[in-house]
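Have a look at the structure below before the remarks.
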Ligand SMILES: NC(=O)c1ccc[n+]([C@@H]2O[C@H](COP(=O)([O-])OP(=O)(O)OC[C@H]3O[C@@H](n4cnc5c(N)ncnc54)[C@H](OP(=O)(O)O)[C@@H]3O)[C@@H](O)[C@H]2O)c1
Ligand SMILES: NC(=O)c1ccc[n+]([C@@H]2O[C@H](COP(=O)([O-])OP(=O)(O)OC[C@H]3O[C@@H](n4cnc5c(N)ncnc54)[C@H](OP(=O)(O)O)[C@@H]3O)[C@@H](O)[C@H]2O)c1
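As structure tokens, this is what we get:
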């Protein structure tokens, strides 16, 4: 499943991790890299991430049999418009965006009929961003979800599945709406809540705030790590997965109201019952092999 | 600052970590251990955590110049009643409970005037519990907050400060109400929210739930670790720090409502502004040395 030419549009944490892993495993003869700013392009070049460097995404995708969008989702429409006419017939066009229904809605109508459009989402990341944050092991043992429409060429799907497997991922094919609902609760709501509580702290009077920072190791610190993720990427996630996020946030809020009531009423049995019930979920995660000794597979590479 | 006899009442994660560290550094000539159940007492004995093992806490504190309560806070009243008459005049009586104002309210009236009552809270822990979960390094480089009343014998305070420093901690003396407010936001609210979101997931239909577990590595997993903490300990925290928790939860909820509104209205600039502002807090925590490569200092010892 070696590709002739891979074009990566966007070369931050995810794009640069793909570039490094593709190079390491020899999955493409040529890697073309395109990004919006000259500064980031120069950084990618200095890191030796590709073979061809282009500001213009249309030139990067010329002759590419695999094109992967690796920008924030909010940039997809403009990028797709820019590359559509330059795409090679038969090319596989994919992405790594954290939401999927919106991506299909935006990209599908702009793409020529003679390419294979297979949206994707590697469920792997860290709180760091930019080309130097990437590393080739990022995708090892992590899930990658693909959400092709019914009727997509099975051979093209197989090729992309093989690509992600070669990067070390476990691949799952899923409906985009279902993906968005599952990710709303596993990823988007946890990020929203982490951003929120860190925001609450940011509004405290200065003296309390400095003590919160001092004693942050008691739980709060883990939330700040989640809330250190890229603001633009997460803005786009919440702008484009609004319905699933609001649905899950509604459930979260209902549950929080009743928990708040239990605290107010000093209802010990209700508190203990909830705190006991949640342990079963933790055990399932450990049994599913989704927990390791490290907080995050990507973590050793960060601070 | 070696003690003649240290009595630990309760020998779970925190008590057993103190026992191990005290032994390692030779901080007490004799370690007496008392716990509610014969099973836990036998486990402590098998682990060789002390020199004297007693079901009856009154016998454990006899002749002890340092007594530390290491049970959930809800047990303090009964324990204090049981030991009060057996305490040696001049003994230092302390604890490790995660709330402090309530502890003063409950213990102070029951203690004889001739002991030095100095409440404490080592801000160190893991999600595991029981005598075998402890390890002697738990307190190294972590804060320990002491909340003695005005007028407490300075020599006794110095002795206890020296004890915690010898365990590797940085010691801070603070007003109990202030402690409870700071910990409400750094520790109690993060735990409440983690329990809540894991509870929301526990209520999902079975098929979605199993996918949430499968893809938990995207953020949710970190919440389940926090929500795996001991139910009884946390029940007692929320029963005894109600006012500070409700105050901070009120602020959190207000902020979440406006964040929810921003998502509903598709207000990109508001989302990006908040997500950017929270990064400064993260930087302060890293600068304050409260972050390490590991998610939790205690983590390598767990699963
Ligand atoms: N980070 C994660 O944990 C994670 C995990 C899974 C999936 N994802 C998805 O992966 C994608 C990229 O995330 P990342 O973390 O790699 O981001 P990143 O490190 O911030 O890199 C973003 C890249 O996109 C480019 N870009 C940004 N805005 C653009 C615009 N308006 N037009 C054209 N290019 C633009 C940037 O170019 P310049 O620097 O040249 O401006 C940069 O090359 C996102 O869609 C995200 O949802 C992220
Ligand atoms: N875990 C943390 O992260 C952490 C951090 C800082 C402070 N703390 C504080 O440390 C204290 C102990 O926490 P831990 O994590 O060490 O708990 P743990 O591992 O669950 O151990 C609790 C100990 O208290 C005993 N106990 C429980 N209920 C009792 C009762 N009703 N009467 C008498 N003894 C009872 C248990 O005895 P049996 O097993 O014999 O029943 C056991 O010896 C709590 O006050 C907590 O707030 C905990």
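Protein chains in written order, with my numbering: chain G, 1 to 303; chain C, 1001 to 1303. In this text, a Cβ means the ideal position worked out from N, Cα and C, and glycines have one as well.
{"Check": "Any non-hydrogen atom of ligand 4 within 7 Å of residue 1269(C) CB", "Outcome": "Ligands in the displayed structure: ligand 1 and ligand 2; ligand 4 is not one of them."}
{"Check": "Pick from 75(G), 29(G), 25(G), 275(G) that is closest to residue 9(G), judged by C-alpha positions", "Outcome": "75(G)"}
{"Check": "Members of the region 217-229 of chain G near chain C, C-beta cut-off 9 Å", "Outcome": "217, 218, 219, 220, 221, 222, 223, 224, 225, 226, 227, 228, 229"}
{"Check": "Reference residue 195(G), options 213(G), 235(G), 170(G), 206(G), closest by Cα", "Outcome": "235(G)"}
{"Check": "Sequence-distant residues of the same chain with beta carbon closer than 6 Å to residue 1124(C), five excluded per side", "Outcome": "1138, 1139, 1142"}
{"Check": "Residues, ordered as in the chain, of the region 141-173 of chain G that lie near chain C by beta-carbon distance below 7 Å", "Outcome": "142, 143"}
{"Check": "Local Cβ density within 10 Å of residue 1148(C), reported as buried at 16 or more and exposed below that", "Outcome": "buried"}
{"Check": "Candidates 1097(C), 1058(C), 1101(C): closest to residue 1081(C) by CA position", "Outcome": "1058(C)"}
{"Check": "Of the residues 1258(C), 1261(C), 1130(C), 1189(C), the one placed nearest residue 218(G), counting alpha carbons only", "Outcome": "1189(C)"}
{"Check": "Beta-carbon proximity of residue 1244(C) to residue 1181(C), cut-off 8 Å", "Outcome": "yes"}
{"Check": "Cross-chain neighbours of residue 1191(C) in chain G, by beta carbon under 8 Å", "Outcome": "219"}
{"Check": "Interface partners of residue 1076(C) on chain G, CB under 8 Å", "Outcome": "By Cβ distance, chain G contributes nothing, its closest Cβ being about 15 Å from residue 1076(C), past 8 Å."}
{"Check": "Through-space distance from residue 285(G) to residue 1299(C), alpha-carbon basis", "Outcome": "Any reading at residue 1299(C) is ruled out, since the residue's pLDDT is 32, under 50, leaving its predicted position unreliable."}
{"Check": "At least 3 beta-carbon pairs within less than 8 Å: the region 1199-1214 of chain C vs the region 222-239 of chain G", "Outcome": "no"}
{"Check": "C-alpha gap between residue 1077(C) and residue 1060(C), whole angstroms", "Outcome": "17 Å"}
{"Check": "Neighbourhood of residue 1291(C) by C-beta distance below 6 Å, restricted to the same chain and skipping five residues each side", "Outcome": "1285"}
{"Check": "Identified DSSP bridge partners for residue 122(G)", "Outcome": "144(G)"}
{"Check": "Whether residue 1186(C) touches residue 198(G) by CB criterion (8 Å)", "Outcome": "no"}
{"Check": "Reduced DSSP secondary structure (H/G/I, E/B, other) of residue 247(G)", "Outcome": "helix"}
{"Check": "Contacts that residue 1195(C) makes with chain G (C-beta to C-beta distance below 7 Å)", "Outcome": "274, 275, 278"}
{"Check": "For residue 104(G), the three-state DSSP class (helix, strand or coil)", "Outcome": "helix"}
{"Check": "Buried versus exposed, by CB contacts within 10 Å (16 or more), residue 101(G)", "Outcome": "buried"}
{"Check": "Whole-angstrom C-beta distance between residue 83(G) and residue 67(G), which should lie under 8 Å", "Outcome": "7 Å"}
{"Check": "Close-in-space but distant-in-sequence residues of the same chain around residue 1136(C) (CB under 6 Å, 5 per side omitted)", "Outcome": "1020, 1021, 1024"}
{"Check": "heavy atom of ligand 1 below 7 Å from residue 37(G) C-beta", "Outcome": "yes"}
{"Check": "Beta carbon proximity, residue 288(G) to chain C, threshold 8 Å", "Outcome": "yes"}
{"Check": "Cβ pair count under 8 Å reaching 3, the region 104-123 of chain G against the region 145-161 of chain G", "Outcome": "yes"}
{"Check": "Beta-carbon neighbours of residue 52(G), restricted to chain C and to distances below 8 Å", "Outcome": "Going along chain C, no residue has its Cβ under 8 Å from residue 52(G), so there is no contact; the nearest lies around 32 Å."}
{"Check": "Cβ-based burial, residue 1221(C) [other Cβ within 10 Å; buried from 16]", "Outcome": "buried"}
{"Check": "Neighbour flag for residue 1247(C) against chain G, beta carbons, 8 Å", "Outcome": "no"}
{"Check": "Sufficient close CB pairs (3 or more, under 8 Å) joining the region 1255-1270 of chain C to the region 245-265 of chain G", "Outcome": "yes"}
{"Check": "C-beta neighbour in chain G for residue 1056(C), strict 8 Å", "Outcome": "no"}
{"Check": "Buried or exposed (CB count within 10 angstroms, at least 16 for buried), residue 1108(C)", "Outcome": "exposed"}
{"Check": "Residue-chain proximity (residue 239(G), chain C), Cβ-Cβ < 8 Å", "Outcome": "yes"}
{"Check": "Contact test: residue 18(G) Cβ vs ligand 1 heavy atom, cutoff 7 Å", "Outcome": "no"}
{"Check": "Contact check, residue 26(G) vs residue 70(G), beta carbons under 8 Å", "Outcome": "no"}
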